[in-house]
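See below for the structure under consideration.
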Amino acid sequence: LDRQGPGDDAQTRRALSFIDGLPPRPRIADIGCGTGRQTAVLASALDGPVTAVDLLPEMIEGLHRRMETEGRTEQVTGIVASMLSLPFAEASFDLLWAEGSIYNIGFEKGLTQWRRFLKPGGVIAVTECSWLAPSRLPETAYIRENFPDIGTPAAKVRILEKAGYVPLAHFVLPQHCWTQNYYAAVAARIPDFLEEQGHSPAAVRMAALMREEIEHYCAHGTDYGYVFYIGQKPEK
Ligand code: SAH
Numbered sequence: 191l192d193r194q195g196p197g198d199d200a201q202t203r204r205a206l207s208f209i210d211g212l213p214p215r216p217r218i219a220d221i222g223c224g225t226g227r228q229t230a231v232l233a234s235a236l237d238g239p240v241t242a243v244d245l246l247p248e249m250i251e252g253l254h255r256r257m258e259t260e261g262r263t264e265q266v267t268g269i270v271a272s273m274l275s276l277p278f279a280e281a282s283f284d285l286l287w288a289e290g291s292i293y294n295i296g297f298e299k300g301l302t303q304w305r306r307f308l309k310p311g312g313v314i315a316v317t318e319c320s321w322l323a324p325s326r327l328p329e330t331a332y333i334r335e336n337f338p339d340i341g342t343p344a345a346k347v348r349i350l351e352k353a354g355y356v357p358l359a360h361f362v363l364p365q366h367c368w369t370q371n372y373y374a375a376v377a378a379r380i381p382d383f384l385e386e387q388g389h390s391p392a393a394v395r396m397a398a399l400m401r402e403e404i405e406h407y408c409a410h411g412t413d414y415g416y417v418f419y420i421g422q423k424p425e426k
């Protein structure tokens with residue numbers, strides 16, 4: 191797939207628009223980059239070196255292919271590593287980015303553990319699944335299993351503050367980030383995917399899970415969604 195989660199180039203740029211005062215040629219890390227749709231936006235918007243990390247070698251291969259097409263192999267370095275133990279030096283980045291991926295480590299844990307990789311004054315921007323309804327929904331099994339620490343934006347901003355950041359902005363990603371940009375591509379890919387995998391039990395299960403996820407979003411997608419959270423590590 192072109193992207194591995196809900197998002198949109200315009201929303202990546204919108205998140206960047208809230209960030210002032212990055213140094214020239216900022217050092218950027220994109221954590222859980224997938225095949226790098228947002229990495230390409232970051233690399234073209236910011237004139238600095240990007241280190242893009244994913245656990246799966248196939249994702250990093252996809253990232254490399256994309257960067258070859260974009261002519262950005264010099265600017266973007268892909269590495270296979272876990273976000274649980276990032277091979278970074280302390281205070282080595284101006285900007286940490288994680289779209290649709292921090293839930294793999296957990297919002298609070300990721301914000302807390304990754305903070306040391308930021309220089310003072312550096313910025314973190316992540317998307318995280320959050321309640322959008324004015325009152326909490328009765329939790330569905332899907333939400334419990336996939337987003338066990340879902341919370342309201344206010345609660346998430348509080349966590350960002352507790353983890354040692356000044357909240358710069360947060361905003362909700364529009365629904366088309368899920369529907370047109372992600373689920374339409376997922377649904378269109380399923381038949382070929384099953385064919386390629388010879389309808390193995392694992393592939394059939396994967397396809398069923400994706401279809402359930404899409405149905406869940408169709409039924410409840412006004413009640414939850416991705417929110418971009420942007421925070422700054424104080425200078426002192
Ligand atoms: N940022 C991309 C990908 C989001 S999907 C996009 O928005 O399109 C989440 C990504 O996190 C997947 O590519 C998955 O392989 C990666 N991932 C999952 N667990 C990880 C871990 N422990 N360390 C690093 N990457 C991980």
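First residue of the sequence shown? That's 191 in our numbering, and the numbers climb one at a time after it.
The C-beta atom is built at its ideal place from N, Cα and C for all residues, glycine as well.
Computed from a predicted structure; not experimentally measured.
Leaving out five residues on either side along the sequence, give the residues of the same chain with a beta carbon under 8 angstroms from the beta carbon of residue 253.
Counting only Cβ-Cβ distances below 8 angstroms, and skipping sequence neighbours, we find 223, 224, 225, 226, 229, 242, 244, 266 and 268.
Just tell me which of 366, 238 and 425 has its CA closest to the CA of residue 415.
Minimum Cα distance to residue 415 is reached at 366.
Taking buried to mean at least 16 other C-beta atoms within 10 Å of its own C-beta, is residue 360 buried or exposed?
Its Cβ being crowded by 16 or more others within 10 Å, residue 360 is buried.
Residue from 298, 239, 349 and 299 whose Cα sits closest to the Cα of residue 282:
Distance from the Cα of residue 282 is smallest, within the candidate group 298, 239, 349 and 299, for 239.
Drop a sphere of 10 angstroms on the beta-carbon of residue 408, count the other beta-carbons inside from all chains shown, and report buried for 16 or more, exposed for fewer.
exposed
Hey, would you say the C-beta of residue 257 is under 8 angstroms away from at least one heavy atom of the ligand SAH?
no
Which of helix, strand or coil DSSP assigns to residue 301
helix
Considering just the uninterrupted stretch of the alpha helix (DSSP H) at residue 408, what are its terminal residues?
391-410
DSSP state of residue 133, grouped into three classes?
With the chain represented from 191 up to 426, any question about residue 133 goes unanswered, as that position is not in the structure.
Do residue 288 and the ligand SAH come close, with the Cβ less than 8 angstroms from some heavy atom?
Checking every heavy atom of the ligand SAH against the Cβ of residue 288, one is found closer than 8 angstroms.
Three CB pairs or more closer than 8 angstroms across the stretch 280-300 and the stretch 327-335
no
Give the single residue among 403, 364, 308 and 426 whose Cα lies nearest to the Cα of residue 217.
308
Below 8 angstroms on the Cβ atoms is my contact criterion, and I expect residue 195 with residue 289 to pass it. Report the Cβ-Cβ distance as a whole number of Å.
That belief holds up - the Cβ atoms of residue 195 and residue 289 are roughly 7 angstroms apart, short of 8 angstroms.
When DSSP builds the beta bridges, which residues end up paired with residue 317?
418
Under the rule that 16 or more other beta-carbon atoms within 10 Å means buried, what is residue 346, buried or exposed?
buried
What do you reckon, is the C-beta of residue 223 under 8 angstroms from a heavy atom of the ligand SAH?
yes
Is the separation between the beta-carbon of residue 221 and that of residue 321 shorter than 9 angstroms?
no
Quickly, what does DSSP pair residue 357 with across the bridge? List them, please.
421
Taking a contact to mean a Cβ-Cβ separation below 9 angstroms, would you say residue 173 touches residue 350 in this structure?
Outside the modelled stretch of the chain, which goes from 191 to 426, sits residue 173, for which no answer is possible.
Go ahead and label residue 202 buried or exposed: buried means 16 or more other beta carbons lie within 10 angstroms of its beta carbon, across all protein chains shown.
It counts as buried.
Can you tell me whether residue 221 is helix, strand or coil according to DSSP?
In the three-state scheme derived from DSSP, where H, G and I count as helix and E and B as strand, residue 221 is classed as strand.
Residue 192 versus residue 211 - alpha carbon distance:
31 angstroms
How would you call residue 356, buried or exposed, if buried means at least 16 neighbouring beta carbons within 10 angstroms?
exposed
Which residues bound the alpha helix (DSSP H) around residue 197?
No alpha helix (DSSP H) contains residue 197, which DSSP labels as neither H nor E.
Would you call residue 261 buried or exposed, if buried means 16 or more other Cβ atoms sit within 10 Å of its Cβ?
exposed
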